[in-house]
Amino acid sequence: PLRIRKIEPFLHAVCIGIPVASAVLILTQKLYNPIIFMCSTQSYPIGCNTGLTPESCLRGYNARWYALFLIEIPIAIGTVFIISSMIAIYLSVRERDRRMSRFGLNSGAQEQYAS
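See below:
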């Protein structure tokens with residue numbers, strides 16, 4: 003518990019600081035633009051990035067790269083982290099339950115699903 007209390011402020015700073023920094027960067031680069039039913043990181047007018055020159059965009063040239071590195075990849079990393087954490091927790095609990103069953107102290111989950 004003491005170790006967690008020491009790193010908790012750092013974890014909160016990271017969890018709040020990175021999204022705020024990303025949002026400010028996207029805002030200062032004028033990458034928030036309207037799409038069909040909301041605003042998102044998008045070039046304006048939509049589809050102007052298909053040209054070879056940035057002059058075809060009024061705002062948000064290279065918005066796709068910003069969206070990829072500041073939004074999509076962090077979401078994918080977070081999703082993989084959560085899934086792997088849940089798998090690790092499940093395997094740990096299953097192993098602990100298996101060890102406890104040798105002493106007759108299992109959780110009862112095995113009998114519940116066996117019948």
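Numbering of the sequence shown is given in my numbering, commencing with residue 3 and proceeding in unit increments.
Glycine is no exception: its CB is placed at the ideal position from the N, C-alpha and C atoms.
Values in this document were obtained by computation on a predicted structure and should not be read as measured data.
Pull up the distance between the alpha-carbon of residue i and that of residue j, whole angstroms please.
i, j, result
"Arg7", "Ile85", "25 Å"
"Ser58", "Leu27", "22 Å"
"Phe83", "Ile89", "10 Å"
"Gly106", "Asp99", "10 Å"
"Ser117", "Ser103", "No answer about Ser117 holds up, because its pLDDT of 48 lies below 50 and its placement is not dependable."
"Cys50", "Ile91", "46 Å"
"Glu10", "Cys17", "11 Å"
Starting from residue i, trace the beta strand (DSSP E) in both directions and tell me its first and last residue.
i, result
"Ser42", "Cys41 to Thr43"
Which residue marks the beginning of the alpha helix (DSSP H) containing residue i, and which one marks its end?
i, result
"Pro21", "Leu4 to Thr30"
"Tyr46", "Tyr46 -> no alpha helix (DSSP H), and no H or E assigned at all."
I think residue i touches residue j, with their Cβ atoms under 8 Å apart; what is that distance to the nearest whole Å?
i, j, result
"Arg5", "Lys32", "Contact flag wrong, Cβ pair sits at about 43 Å."
"Ser42", "Leu72", "Their Cβ separation, rounded to whole angstroms, is 12 Å, which puts Ser42 and Leu72 out of contact at 8 Å."
Strictly by DSSP, which residues pair up with residue i?
i, result
"Arg61", "Tyr46"
Three or more C-beta pairs closer than 8 Å, one from the region 32-48 and one from the region 58-75: is that the case here?
For the pair of segments examined, the region 32-48 was found to touch the region 58-75: the number of CB pairs separated by less than 8 Å reaches three.
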